[in-house]
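Worksheet for the structure shown next.
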Amino acid sequence: MTTTSPFSLQHSSSECRARCGEVATLHGVIETPVFMPVGTQATVKGVTPENLVELGAQIILGNTYHLFIRPGHALIREFGGLHGFMHWDRPILTDSGGFQIFSLQELATITEEGAGFRS
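With the numbering used here as the guide, the letters of the sequence shown map in order to residues 216 to 334.
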């Protein structure tokens, strides 16, 4: 079985460890290095998705904990997922929520099925 990496190196420096590459995703190619606007609760504050495209944003970063608390997985599911909810057809990266499991232990419930939080 052969697997191909979603990352391809495009350029590398002979003088240092700097490099440029591309990450291929189902929602588009991301050229690296890349700036990721943060859409903590499924929105980049003060900027429309159209503005983000005009500004050249290739990917948006979301926070799993904040998405879970608000707007919540049920509402996101109603829109067919995070892309539909955000009106964003380009790549989205979300964190695992692991940091909040440790930093917000008093709000977390951890079971074999996963982690849950209360607001």
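The beta carbon of each residue, even a glycine, is placed where N, CA and C say it ideally should be. All values derive from a computational prediction rather than experimental measurement.
{"Check": "Length-filtered (4 minimum) alpha helix (DSSP H) runs lying within the stretch 250–301", "Outcome": "264–269, 279–284, 288–293, 297–301"}
{"Check": "Limits of the beta strand (DSSP E) - the one that S318 falls within", "Outcome": "Element bounds for S318: not the beta strand (DSSP E) but the alpha helix (DSSP H), 313–318."}
{"Check": "Nearest to I245 (by Cα), restricted to the options Q315, S229, L224", "Outcome": "L224"}
{"Check": "The beta strand (DSSP E) enclosing R234, as first and last residue numbers", "Outcome": "234–240"}
{"Check": "Spatially closest choice to T309 from V262, I325, M251, by CA coordinates", "Outcome": "M251"}
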